[in-house]
Amino acid sequence: MDIALLEVLVEDHNNGDRAQNGWKSHVYVAVITNVRDKCNETITKENIISRCKTFEKHYEALSKMLSQNGFIWDWVNHKLSIDSADVWTKYVAANNKKVFYKNKVIKNWDAITTIYSKDHANGQGAVMRAQTILEQTAGPTEDCP
1 MDIALLEVLV
11 EDHNNGDRAQ
21 NGWKSHVYVA
31 VITNVRDKCN
41 ETITKENIIS
51 RCKTFEKHYE
61 ALSKMLSQNG
71 FIWDWVNHKL
81 SIDSADVWTK
91 YVAANNKKVF
101 YKNKVIKNWD
111 AITTIYSKDH
121 ANGQGAVMRA
131 QTILEQTAGP
141 TEDCP
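Quick note on full-length UniProt numbering: the sequence shown kicks off at 1 and runs consecutively.
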């Protein structure tokens, strides 16, 4: 169901069919129709709003983690990848309510980031903390004076 729901939301997001306080009314109708046609399920506008709140909660929590050193998105396994046990231990000590994200699989992260991010970050160019440390200790390169 999430795939059918998100494909309509991504398309309408890209078309600018989002209002300040939610989606334009025709978007809800399109989502309801798409989910019914593809999944043979009947949903309501309230179901869509509730699911969107869940997506946004995941986006906010995971994007904060991904903005810190030691966290990247694993596009193959659809979950958070953590540089080391130490990184996770320190994070959980300060954010114990987020512990379930360690193994949480979110198959539609690309669609969620398209809808909820302002800059559409995709994780390209992200480096793990260990790689950064190696680069820092390697010394200057030929390009550097």
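Think of the CB as a built atom: it goes at the ideal place given N, C-alpha and C, for glycine as much as any other residue.
| said: Less than 7 Å between the C-beta atoms of Tyr116 and Glu56, yes or no? | reply: yes
| Three-state secondary structure assigned by DSSP to Trp23 | strand
| message | Below 8 Å on the Cβ atoms is my contact criterion, and I expect Asn34 with Glu7 to pass it. Report the Cβ-Cβ distance as a whole number of Å. | response | 7 Å
| request: Determine the burial state of Asn14: buried for a count of at least 16 other Cβ atoms within 10 Å of its Cβ, exposed for fewer. | output: exposed
| message | Rounded to the nearest angstrom, what separates Ile82 and Ser25 at their Cα positions? | response | 40 Å
| Which residues in the same chain as Arg36 place their Cβ atom closer than 7 Å to its Cβ, once the five residues preceding and following it in sequence are excluded? | Thr42
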